[in-house]
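Residue numbers (our numbering), protein chains in the order written: chain A, 2 to 361; chain B, 2 to 361.
Even for Gly, the Cβ is constructed at its ideal location relative to N, Cα and C.
Here the structure is a predicted model, which means the values were calculated and not measured.
Reading through the structure tokens given below for one structure.
Here it is in structure tokens:
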């Protein structure tokens, strides 16, 4: 609590931070408490991280990847005085456990796989491997921060002075190491002096738009108008929206994008109104092993998120609920993919592999 | 409270009822408390009715019309021992007051105008006029019930056996004298033995879909799946939806439809997926004096409905909110208008005037 109070004056506290050395801890902003309370989850063991990912205390594909990588360190460091072989087995077991926390987010598997590879490299001791894993986890974080900055820099030219820009869910600093993906584009355009207005879908059921995105934009001084998800069509028709920019949870080889439920409907609406629809994501979000969106598993979440989302029931008892966390937007509805390497225009098939081939 | 408890066993209590004679009272289901509590607002004066309409305790264009008509009786009956002329002045004053409670709902003006005309007809005494007004108000209710039944009968053939039918907001028994408009179609199809599944948008910000529509359908045994508004696009793409049926707050002469915010986006999505989009409404909802949807005033409601909808803040303090209560769906997106007289197919211009010309 004291810690939370102490840092609440920071303008942009980071969603995921490692505090101290290899015996330190992982500190996460508890995003379920925003915007009314800025508090932290202090993670000193892997189960606290697993729960934080599962319960969306930390969310956003890149932030989950960083948290999982750091969580792996927490889960294996007690084996630092064993043999390297025992430690490597432990790494595999803990990575396996962490992978079950969110099945759809590809960054989670990607970050864990990277640490698993690092663990396999020759080492004099288990302790050396643990140090190396922490170093890798921090590098993933630093690279993510740089990638987000690059996405902002490359994407900002797509946003005109005076533009209304619609976004959905939270693809912001909270979802990443810093800056965000979709929001990096808005932050960069704003920093360049463009007078933009962000239109933010509240994003039911968990309200990441109103709770997180509106909060981030407000803190960084970007003008914000909050909307219910059902209002996006109207503001498009009223010509208030010049571009839609969203993030992504996973992008298939053909350019299909899995992202927060509601993204697909926005893409259809944007096309119907002749509004460009951009997806901003680092290359780690691309999963070229998946041919198309049809092959991306969609996580179905607890009905109570819909029926009891605000501490009181909002639907009759016993009602059936369909609560998919994601949908897939087909590539043909996407005007461009904004990555840290390039703004990629359609057709995406083949282009993606080339552009992202030098991926780490 | 006792009254509420006593009737809570009724299968389908009516949203608007007049209890007793001319010295009786108006009883409204307090729809803001559903689905967790079935309680009533007992109205013995016009201000209670005004507040109930304003605060959406009674909502749905036809139900508002009936409540306003009965509210007018409450507001004028204390003049029953004055002169007919004084009573007629009072009728105009109270009608004027009631009109300010909800500016968009045309049934409200329409019902009040009908009572104003009735008041102007020759009478031996003010008391006779008051009796006549109550009689008119009850006739509006009875006609509405018959209209809703007819809408259900005429609309049901549009719904195929096994269909998934998406609806938005509440155009049900609660919104009318009974049965509803959009829901009358579903109730009738279900009663005919068709195995339909209703997909119900929760309908932010006030959740009429999850609180009211899901409740009504569940009570009448129609299978229901509750969705967040942002999920409608996905279930259409998944081919779970065979038809969209919604109500209307006002329909212009060219067939443009003002209805709950989010309706327009559903119509765009339905067209993109080749799904028929039906609007069910009694002829009293048509306002042929309004050439097109562009001329329909859109009520902008309190931002706190979006930011504080559930007893706790869900957005940062001081955030700008755009909270339109309605949007306008252009006629070209509508497959048919289901009225109590006929299923009207496009083009609507001219057809509407003819079909509705014998309107009471």
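Chain A places a beta carbon closer than 7 Å to that of residue 219 of chain B, counting this residue as a contact. With a threshold of 7 Å between beta carbons, residue 311 of chain B makes contact with chain A. Contiguous beta strand (DSSP E) elements confined to the segment 36-81 of chain B occur at 41-44, taking only those with 3 or more residues. Interface criterion met: the Cβ of residue 205 of chain B is under 7 Å from a Cβ in chain A. Using a 10 angstroms sphere on the CB of residue 358 of chain A, the tally of other CB atoms stays under 16, which defines it as exposed.
At a C-beta separation below 7 Å, residue 317 of chain A has these neighbours in chain B: 36, 215, 216 and 219. Around the beta carbon of residue 55 of chain A, fewer than 16 other beta carbons lie within 10 angstroms, which makes this residue exposed. In this chain, residue 195 of chain A is not harboured by any alpha helix (DSSP H), its DSSP state being neither H nor E. Beta-bridge partners of residue 345 of chain B (DSSP): B:338. Using a CB distance cut-off of 7 Å, residue 249 of chain A does not count as an interface residue toward chain B. Interface with chain A (7 Å Cβ-Cβ cutoff): residue 296 of chain B is excluded. Taking a Cβ-Cβ threshold of 7 Å, the residues of chain B close to residue 320 of chain A are 215, 219, 225 and 227, in chain order. Collapsing the DSSP output to three states places residue 176 of chain B in a helix. According to the DSSP secondary-structure assignment, residue 260 of chain A is paired through a beta bridge with A:328. The alpha-carbon separation between residue 77 of chain B and residue 105 of chain B amounts to approximately 24 Å. The continuous beta strand (DSSP E) containing residue 251 of chain B extends over residues 251-253.
With contacts defined by Cβ atoms closer than 7 Å, residue 342 of chain A and residue 356 of chain A form a contacting pair. Boundaries for residue 205 of chain A: no beta strand (DSSP E) harbours it, and the DSSP string shows neither H nor E there. The beta carbon of residue 183 of chain A lies closer than 7 Å to those of 168, 172, 246, 247, 248 and 281 in the same chain, with the five residues before and after it left out.
Straight-line measurement puts the Cα of residue 230 of chain A at about 30 Å from the Cα of residue 51 of chain B. Counting only runs of 4 or more residues that sit fully inside the segment 221-249 of chain B, the alpha helix (DSSP H) segments are 233-238, in chain order.
Going by beta carbons, residue 267 of chain B and residue 233 of chain B fall inside the 7 Å limit.
Counting along the chain, the unbroken beta strand (DSSP E) around residue 281 of chain A starts and ends at 278-281. Residue 204 of chain A places its beta carbon 7 Å or farther from that of residue 224 of chain A. Note on geometry: alpha-carbon atoms of residue 293 of chain B and residue 273 of chain A lie some 21 Å from one another.
The closest CA to that of residue 158 of chain A, considering only A:315, A:185, A:32 and A:170, is found on A:185.
Contact with chain B is found for residue 328 of chain A, since one of that chain's Cβ atoms lies less than 7 Å from the residue's Cβ. The beta carbons of residue 262 of chain B and residue 328 of chain B sit about 5 Å from each other, so the pair counts as a contact at 8 Å. By the C-beta criterion, the segment 25-37 of chain B is judged not to be in contact with the segment 91-108 of chain B, since fewer than 3 inter-stretch pairs fall below 8 Å.
What residue 208 of chain A touches in chain B, judged by beta-carbon distance under 7 Å, is 315, going in chain order. Residue range 165-168 is occupied by the beta strand (DSSP E) that includes residue 165 of chain B, with no alpha helix (DSSP H) assigned at that position. The C-alpha of residue 89 of chain A is placed about 36 Å away from the C-alpha of residue 351 of chain A. Boundaries of the beta strand (DSSP E) harbouring residue 17 of chain B: 17-20, taken from the DSSP string. For residue 29 of chain A, the beta-bridge partners assigned by DSSP are A:17 and A:42. Under the three-state reduction of DSSP output, residue 311 of chain B falls in the coil class, being neither helix nor strand. Across the structure, residue 75 of chain B and residue 69 of chain B are spaced so that their CA atoms are roughly 10 Å apart.
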